[in-house]
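Peer 1: In this note's numbering, the protein residues as written are 28 to 223.
Where is the CB? At the ideal position from N, CA and C, for every residue including glycine.
Here's a structure for you.
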């Protein structure tokens, strides 16, 4: 929690000194994201209503992620076809097609800015880089922001802004890229037979 607070404070305090990212810096971000095949991290999530949640995040490209919360029975899963909200207590699921969710952007095998992803904003401060993008052909589903620390260069935060302008910020702790421990496909399955 302390590292999250310090990083956020330093980034915000330097926004006034920010400059737009160069093409080389955009390419560096693309390369970093495209070299991620699997990932695992703890996270702290700031919800649009001001509440905080914590949990564990798993990623397996292409198409799969899992957000598992410590303080609530909800698991959010992308299984390559659908985005699923699963209640572990009620064993009930709700889903939307994955292509209709801006959250699925992080599961792409390859990311290419200024192609099918339109860059809305990019900036570099003394200690961080930020880029905000949206789908060129689905502008109404929201925006996705990546925030990276520069030294070491790693993903620290993502922000998702939906079509209603409600924002969720997720800060990663110990973001492990391509960890040696295999991430099982079982993490991206639910008991509801509709999504198997």
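Classify residue 126 as helix, strand or coil using the three-state DSSP reduction.
Peer 2: Three-state result, residue 126: helix.
Peer 1: Please confirm whether residue 184 and residue 199 have their CB atoms less than 9 Å apart.
Peer 2: Cβ atoms of residue 184 and residue 199: closer than 9 Å.
Peer 1: Look up residue 86 in the DSSP assignment and give the residues it is bridged to.
Peer 2: According to DSSP, which records beta bridges pairwise, residue 86 is partnered with 66 and 92.
Peer 1: Take the Cβ of residue 87 as the centre, count every other Cβ of all protein chains shown within 10 Å, and call the residue buried at 16 or more, exposed below.
Peer 2: Buried, because 16 or more other Cβ atoms sit within 10 Å of the Cβ of residue 87.
Peer 1: Name the two residues that bound the continuous beta strand (DSSP E) containing residue 198.
Peer 2: 194-204 is the extent of the beta strand (DSSP E) around residue 198.
Peer 1: Starting from residue 209, trace the beta strand (DSSP E) both ways and give me its first and last residue.
Peer 2: First-last for residue 209: undefined, no H or E at that position.
Peer 1: For residue 106, count neighbouring C-beta atoms within 10 Å of its own C-beta (all shown protein chains included) and say buried if the count is 16 or more, exposed if not.
Peer 2: Under this definition residue 106 is a buried residue.
Peer 1: Compute the distance between the beta-carbons of residue 102 and residue 112, then report whether it is under 9 Å.
Peer 2: The answer is yes: Cβ separation under 9 Å.
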